[in-house]
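What follows is a set of notes on a single structure, which appears directly below.
There are 2 protein chains.
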Amino acid sequence: MSLSRNQIKAITALQIKKFRSQYKQFIAEGDKIVQEVLAQTHFPVLGVYALEDWVTRNEALLATRPALTVEIISPKDLERISGLRTPNQVLALLEQRDFGLEETTLTNDLALYLDGIQDPGNLGAILRVADWFGIQDVCCSPDCVDLYNPKVIQASMGAFLRVRVPVVSLDSIARQFSGIPIIGTTLEGNPLPHATVPQAGVLVIGNEGAGIRPEYASLLTGELSIPRAPGGGAESLNAAVATGIFCAYWRMGQTNA
Amino acid sequence: MSLSRNQIKAITALQIKKFRSQYKQFIAEGDKIVQEVLAQTHFPVLGVYALEDWVTRNEALLATRPALTVEIISPKDLERISGLRTPNQVLALLEQRDFGLEETTLTNDLALYLDGIQDPGNLGAILRVADWFGIQDVCCSPDCVDLYNPKVIQASMGAFLRVRVPVVSLDSIARQFSGIPIIGTTLEGNPLPHATVPQAGVLVIGNEGAGIRPEYASLLTGELSIPRAPGGGAESLNAAVATGIFCAYWRMGQTNA
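Structure below.
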């Protein structure tokens with residue numbers, strides 16, 4: 042069956058944040074990611090648009106969701122609705138959800154707070170870091186790139202299905218969980234590995250260029266840094282790379298070799 | 042002065058690898074990065090195209106290179122030659138260079154070997170990791186994304202000016218430096234932090250999707266991995282993030298807190 046112009050318009054509109062927020066919907070694309078989408082319960086799945094061949098190969102998986110709308114579409118139509126340069130067999134339409142602070146595990150586990158992360162690839166890579174090291178909450182300031190941006194979803198490689206992403210100010214967290222450690226990652230903080238990441242609390246990652254906003258400085262209960270090697274020249278590390286290093290030291294500890 | 046059509050064509054052609062390789066030239070854009078370009082001696086600088094205002098503000102720096110061609114151009118012309126969505130004051134034209142294995146420090150320091158890294162953002166972030174931790178050599182397989190790709194240059198934030206990037210097969214390295222450790226980073230390798238990164242040798246980072254190519258398996262003298270947390274879900278970490286974690290443990294060691 043061919044997709045109607047209105048269907049195509051409704052799906053491609055989700056490339057744009059304004060329409061994603063208005064409809065509270067988003068898309069996830071590609072063979073592997075849609076297989077993960079169908080196996081999860083984090084986000085309601087509204088529909089799947091797939092090439093016939095993909096539907097045939099995934100019959101068993103689709104049978105687990107008998108009520109789901111599955112539209113078999115032509116490669117031409119997939120190209121029309123896809124945001125990828127090379128469309129990949131299938132696209133899923135999902136419903137957004139809001140994550141509340143009340144569901145988080147901030148008081149007994151480490152959580153991340155992203156202060157104005159702008160690059161979709163960075164947010165996606167940070168979600169993978171959290172998912173890899175078993176961090177359940179990646180809180181975002183309201184001016185972070187949208188979790189439901191298709192580039193974030195693709196870069197997260199399915200991690201968005203397992204990590205909670207509340208959008209909230211750091212003030213609200215400090216108010217609601219008064220007394221928990223809120224540790225800023227800065228260039229001047231106490232250096233790893235001798236300084237350690239607290240087992241529970243919030244680790245704050247700043248914006249790619251500007252770092253943590255000055256208004257948040259008074260909320261920080263401590264600061265950590267990754268020391269640059271004596272001969273090192275770079276001014277900073279990529280935000281996702283730095284997050285990965287902090288989380289690795291948090292999870293793996295500093296055991297002597 | 043207005044740029045000629047031929048000048049504009051010659052510069053914009055450098056967005057494309059074929060022409061970059063043919064002319065052995067590349068571009069670096071933006072206020073900060075061009076300031077670093079003028080302060081380095083890694084790559085010959087062939088010319089600078091800048092707004093009048095930028096030239097005025099950087100007179101002292103430009104005076105250190107009296108022989109350099111500096112063209113004052115209009116915002117319109119900058120837009121014409123820029124590859125950035127938001128052109129940023131200045132563009133430098135540089136000459137490529139080939140890095141030979143004979144200049145490397147493979148036998149007495151750690152070097153990275155990138156096996157088919159495809160994403161320009163990842164290569165840029167990996168160069169920043171190397172630069173931060175004082176790793177001097179980031180060898181690339183011939184099928185890696187081109188170092189001189191403008192997106193790599195921008196993402197490296199100036200790190201490309203301080204790190205050597207020889208393009209070479211892993212076989213050549215193994216032949217030329219017979220006996221040095223060649224450590225693959227894989228999902229099944231010996232886990233950090235108990236297994237350690239050797240102080241000297243080559244750490245091999247695989248392609249974003251496929252990992253290290255099977256033909257290289259017999260060249261590896263060991264394998265390392267970053268253990269996933271028991272509750273962790275992600276299938277892998279982003280290649281630049283993983284590189285950052287390995288290099289952090291290599292440089293900072295595993296000191297007890």
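Those protein sequences? They're chains Y and P, same order as listed. Whatever position you read off the first sequence (first residue = 1), add 41 for my numbering. Whatever position you read off the second sequence (first residue = 1), add 41 for my numbering. Beta carbons are placed, not taken as given, at the ideal position from N, Cα and C, and that holds for glycine.
CB contact check: L361/P to chain Y, cutoff 9 angstroms: As shown, chain P starts at 42 and ends at 298. That puts residue 361/P outside it, with no answer to give.
Beta-ladder partner(s) of E264/P, from DSSP: G225/P
Interface partners of V282/P on chain Y, CB under 8 angstroms: A166, R169, V170, A281, V282, T284 and G285
Pick from T237/Y, V208/Y and L125/Y that is closest to Q137/Y, judged by C-alpha positions: V208/Y
C-alpha distance - I122/Y paired with I52/Y, whole-angstrom precision: 6 angstroms
I113/Y: first and last residue of the uninterrupted beta strand (DSSP E) it sits in: V111 to I113
Beta bridge counterpart(s) of E100/Y as assigned by DSSP: Per DSSP, none; premise fails for E100/Y.
Per-residue DSSP class, three states only, for D178/P: strand
Nonlocal neighbours in the same chain, by C-beta distance under 6 angstroms from V170/P, ignoring five residues either side: T284, G285 and C288
Best match in A80/P, L87/P and T82/P for proximity to Y64/P [C-alpha to C-alpha]: L87/P
Simplified DSSP assignment, three categories, for R46/P: helix
Length of the line joining the Cα atoms of I223/P and L151/P: 10 angstroms
Below-9 angstroms beta-carbon distance, S266/P vs any chain Y residue: no
Span separating the alpha-carbon of K73/P from that of A281/P: 23 angstroms
Proximal chain B residues relative to G273/P, where beta-carbon distance stays under 8 angstroms: This model lacks chain B altogether, as its protein chains are Y and P.
Euclidean distance between Cα positions of M174/P and S62/P: It is Phe, not Met, that sits at residue 174/P in the sequence shown. Approximately 30 angstroms between the Cα atoms of the pair.
Bridge partners - F67/Y, DSSP secondary structure assignment: L135/Y
Same chain only: Cβ atoms within 8 angstroms of A231/Y, ignoring 5 sequence neighbours per side: Note on identity: in this sequence residue 231/Y is Asn, with Ala being the wrong assignment. Closer than 8 angstroms at Cβ, skipping near neighbours: G263, E264, L265 and S266.
Chain-ordered neighbours of E276/Y on chain P, where CB pairs are closer than 8 angstroms: M198 and G199
Identity of the residues DSSP links to Y90/P by a beta bridge: E112/P and L132/P
The stretch 157 to 166 of chain P contacting the stretch 129 to 146 of chain P, beta-carbon criterion three pairs below 8 angstroms: no
Neighbour flag for L134/P against chain Y, beta carbons, 9 angstroms: no
Three-pair Cβ contact test at 8 angstroms for the stretch 102 to 115 of chain P versus the stretch 78 to 85 of chain P: yes
Where L79/Y falls: helix, strand or coil (DSSP): helix
Chain P contacts made by the stretch 148 to 163 of chain Y, where a contact means CB separation under 7 angstroms: G162
P234/P at chain Y interface by Cβ criterion, 9 angstroms: yes
Integer Cβ distance of I68/P from A91/P, believed to fall under 8 angstroms: Wrong, their Cβ atoms sit about 13 angstroms apart, outside the cutoff.
S159/Y and V186/Y closer than 9 angstroms at C-beta: Just to set this straight, residue 159/Y is Gln in the shown sequence, not Ser. Yes. Within cutoff.
C-alpha gap between E249/P and S219/P, whole angstroms: 27 angstroms
Chain Y within 9 angstroms of G294/P, Cβ atoms only: yes
One or two residues paired with G242/P in a DSSP bridge: L151/P
Inter-residue CB distance, V204/P and Q240/P (contact presumed, cutoff 8 angstroms): So it is not a contact: roughly 18 angstroms between Cβ atoms.
Residue range of the alpha helix (DSSP H) that includes R216/P: L211 to Q217
C-alpha gap between L278/Y and M198/P, whole angstroms: 10 angstroms
Chain P contacts made by the stretch 65 to 81 of chain Y, where a contact means CB separation under 7 angstroms: none
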